[in-house]
Amino acid sequence: MATVELLTTELVVPAEETPAGAVWLSNLDLAARRGYTPTVYFYRTNDRPEFFEADAVRDSLARALVAFYPLAGRLGLDGAGRVQIDCTGEGAVFVTARSDYALDDLLNEFVPCDEMRRLLVPATPAPNPPCPLLFAQVTYLRCGGVVLGLALHHSVVDARSAAHFVETWASISRGGGAGDDAPLPPCFDHRLLSARPGPARAVLYDHPEYKPEPAVPAVHAVAAGSAYASAIITLTKAQVTALKSRCAGASTFRAVVALVWQCACRARSLPPDADTRLYSMIDMRARLAPPLPPGYFGNAVIRTSVLATVGEVVANPVGYAARRALAATSQGDDYARSLVDYLEGVDAMNLPRSGISRAHLRAISWMGMSLHDSDFGWGAPVFMGPALMYYSGFVYVMQAPGKDGAVALALSLEPESMPEFRKVFAEELARLAM
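For the sequence shown, this note's numbering gives the first residue as 63, with consecutive numbering after it.
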């Protein structure tokens with residue numbers, strides 16, 4: 063594997079004076095995984111001398127931090143010990159580096175893993191107060207290409223908010239700021255997701271996703287941090303279309319996840335009577351009543367899940383799993399408000415953070431994260447994805463770069479299950495063409 067040499071590390075502060083004080087964090091922020099989410103964006107050189115020039119990237123970051131000033135602050139605690147954002151203006155960590163990788167070699171070798179995260183994303187401290195909230199690294203490749211590696215604190219942003227920030231930063235870098243290219247202003251009023259007042263508080267659902275997982279037979283168990291194998295797999299537009307035709311009415315995300323769930327159950331050789339749970343993360347911004355502002359900046363996703371037996375998932379056509387996936391992704395305002403109220407009554411900052419049983423799957427949609435909008439003025443990225451997976455049983459569904467209608471999967475499974483998964487998944491994709 064190639065190496066990366068660090069060149070500079072500095073703090074980038076907002077280009078203008080920004081508000082001080084604190085940003086209150088909602089129960090959904092506190093319940094998010096306490097840690098940094100590392101992502102990577104790969105860019106092919108356009109052979110212009112100013113391509114990702116460090117001063118230009120740093121300057122546009124400083125200007126982006128004016129609107130997104132909480133990201134220049136630090137994670138803090140209020141007087142009661144509740145986590146909040148302290149808007150100190152101390153700055154985001156900005157790193158430059160160079161590597162002897164060529165972009166095409168990196169694209170061929172890249173899978174989300176600890177080593178790639180270490181090479182391409184800045185090292186981060188323990189994710190506890192008073193830690194920085196944003197780390198960015200520009201790595202210059204020997205071919206002239208660039209990797210932008212980011213680590214944002216998950217207590218502050220979910221995937222949509224992270225994309226909102228990157229898209230604004232990119233817009234500023236390419237000279238946007240007026241008309242259709244004007245960045246969407248962020249909204250930091252997290253009290254829009256406050257629990258209801260005591261008498262109106264109502265927990266109407268069970269919310270097992272926020273509780274310790276029930277004991278399972280040892281043969282099915284996997285702990286957080288266990289070794290995993292990861293892969294990037296692409297489905298063509300034709301394959302996605304054929305798959306959706308077998309999953310009547312299903313979205314692309316649900317249809318693709320249904321097939322992954324089915325193939326993962328087969329690859330893991332699980333007994334037919336074993337329970338398998340499909341976990342998902344649902345963006346509730348537009349589902350609340352009233353909806354959150356379009357620029358809501360924070361965590362507005364909730365964990366949901368649906369349970370089936372392995373036999374039900376494997377023996378039925380893929381449309382069955384898609385219908386079960388729909389049941390895990392159709393919640394509305396009453397469910398979200400019930401969850402926020404539930405979290406008010408527990409220690410939301412110390413919820414169970416373990417991995418999941420090897421019978422289960424956690425699926426996350428990044429379909430709404432536009433690659434085109436991550437153009438800093440030198441072209442859209444040729445790849446964007448997670449830099450690592452947290453444990454086995456994770457799948458991200460994303461747009462495939464440069465391939466209209468195609469879908470890319472970033473997947474992690476137990477090392478012993480991945481070869482069989484690749485085999486059965488390829489077989490199922492081949493059947494779609496019949």
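Where is the CB? At the ideal position from N, CA and C, for every residue including glycine. Bear in mind the structure is a predicted one, so any value in this text is a computation, not a measurement.
If you draw a straight line from the alpha carbon of residue i to that of residue j, how long is it in whole angstroms?
| i | j | result |
| --- | --- | --- |
| Phe315 | Gly455 | 16 Å |
| Gly138 | His252 | 15 Å |
| Leu87 | Arg144 | 9 Å |
| Leu332 | Gln301 | 27 Å |
| Asp345 | Ala362 | 6 Å |
| Leu214 | Phe227 | 10 Å |
| Gly287 | Val375 | Bear in mind that the predicted position of Gly287 carries a pLDDT of just 43, short of 50, making it too unreliable to give a figure here. |
| Ala462 | Ile147 | 34 Å |
| Ala285 | Arg136 | In this prediction, Ala285 has a pLDDT of 45, which is less than 50 and means its spatial position is unreliable; what the coordinates show is noted afterwards. Distance between the alpha carbons of Ala285 and Arg136 is about 30 Å. |
| Ala495 | Gly464 | 22 Å |
| Trp323 | Arg385 | 12 Å |
| Glu177 | Tyr105 | 20 Å |
| Gly238 | Val408 | 44 Å |
| Ala64 | Val265 | 52 Å |
| Ser263 | Ala142 | Looking at the sequence shown, residue 263 is not Ser but Arg. Going from the Cα of Arg263 to the Cα of Ala142 covers about 22 Å. |
| Glu271 | Ala348 | 22 Å |
| His269 | Thr371 | 19 Å |
| Gly357 | Thr230 | 11 Å |
| Thr101 | Leu169 | 15 Å |
| Cys205 | Asn108 | 11 Å |
| Tyr452 | Leu297 | 23 Å |
| Lys306 | Lys299 | 11 Å |
| Pro477 | Leu182 | 23 Å |
| Arg125 | Arg420 | 45 Å |
| Ile295 | Glu171 | 13 Å |
| Leu354 | Lys273 | 26 Å |
| Ala154 | Asp396 | 37 Å |
| Asp335 | Asn378 | 14 Å |
| Arg493 | Ala468 | 17 Å |
| Glu275 | Leu413 | 11 Å |
For the beta strand (DSSP E) holding residue i, just list the boundary residues, first then last.
| i | result |
| --- | --- |
| Trp86 | Ala84 to Trp86 |
| Glu72 | Val66 to Val74 |
| Leu203 | Leu196 to Leu203 |
| Leu297 | Ala291 to Leu297 |
| Thr99 | Tyr98 to Tyr105 |
| Ala159 | Ala154 to Ser161 |
| Ala470 | Val469 to Leu475 |
| Ser342 | Asp337 to Asp345 |
| Leu137 | Arg136 to Leu139 |
| Asp148 | Val145 to Asp148 |
| Leu423 | Leu423 to Trp428 |
| Gly447 | Phe445 to Pro448 |
| Tyr272 | First-last for Tyr272: undefined, no H or E at that position. |
| Val265 | Note, Val265: premise wrong, no beta strand (DSSP E); not H, not E. |
Confirm, please, whether the CB-CB distance from residue j to residue i is below 8 Å.
| i | j | result |
| --- | --- | --- |
| Ser436 | Met429 | no |
| Ala320 | Ala312 | yes |
| Thr158 | Thr70 | yes |
| Ala77 | Ala410 | no |
| Ala470 | Gly211 | no |
| Leu475 | Ala329 | yes |
| Gly360 | Val219 | yes |
| Ala521 | Val402 | Past the edges of the chain, shown from 63 to 496, lies residue 521, and the structure says nothing about it. |
| Val499 | Arg484 | Any question about residue 499 goes unanswered here, given that the chain covers just 63 to 496. |
| Tyr404 | Arg365 | no |
| Ile426 | Met343 | yes |
| Asp140 | Ala82 | no |
| Thr303 | His422 | no |
| Val368 | Val459 | no |
| Ala225 | Met431 | yes |
| Ser292 | Val173 | yes |
| Ala389 | Leu350 | no |
Does any C-beta atom of chain B lie closer than 8 Å to the C-beta of residue i?
| i | result |
| --- | --- |
| Ser432 | Absent here is chain B; the protein component of the structure consists of one chain. |
Rank the options by C-alpha distance to the C-alpha of residue i and give the top, closest one.
| i | options | result |
| --- | --- | --- |
| Ala129 | Gln146, Ala384, Asp109 and Val75 | Val75 |
| Leu473 | Val457, Lys485, Gly464 and Ala462 | Val457 |
| Tyr103 | Ile364, Thr201, Asn190 and Gly141 | Thr201 |
| Met114 | Pro448, Leu203 and Ala142 | Reading the sequence as shown, one finds Phe at residue 114 and not Met. Selected option, being the one with the closest Cα: Leu203. |
| Arg96 | Ala232, Cys193, Ala126 and Leu297 | Cys193 |
| Phe156 | Leu305, Asp337, Tyr382 and Ala118 | Ala118 |
| Leu73 | Arg110, Leu133 and Gly83 | Leu133 |
| Asp166 | Val208, Ser122, Gly83 and Pro189 | Val208 |
| Ala110 | Leu127, Leu491, Gly439 and Pro443 | Note that residue 110 corresponds to Arg in the displayed sequence, not to Ala. With distances taken between Cα atoms, Arg110 lies closest to Gly439. |
| Ala310 | Pro248, Ala351 and Ala383 | Ala383 |
Quick one: does the C-beta of residue i sit closer than 7 Å to a heavy atom of the ligand SAH?
| i | result |
| --- | --- |
| Pro333 | The ligand SAH is not among the ligands present in this structure, which contains no ligands whatsoever. |
Tell me which residue opens and which closes the alpha helix (DSSP H) that residue i is part of.
| i | result |
| --- | --- |
| Pro481 | Met480 to Leu494 |
| Val318 | Thr314 to Ala329 |
| Leu182 | Asp176 to Leu182 |
| Ser122 | Ala116 to Ala129 |
| Glu171 | Leu165 to Glu171 |
4 or more residues per run - each alpha helix (DSSP H) lying fully within the region 210–250: 221–235
Every unbroken beta strand (DSSP E) within the region 357–421, with a cutoff of 3 residues, ordered by chain: 363–371
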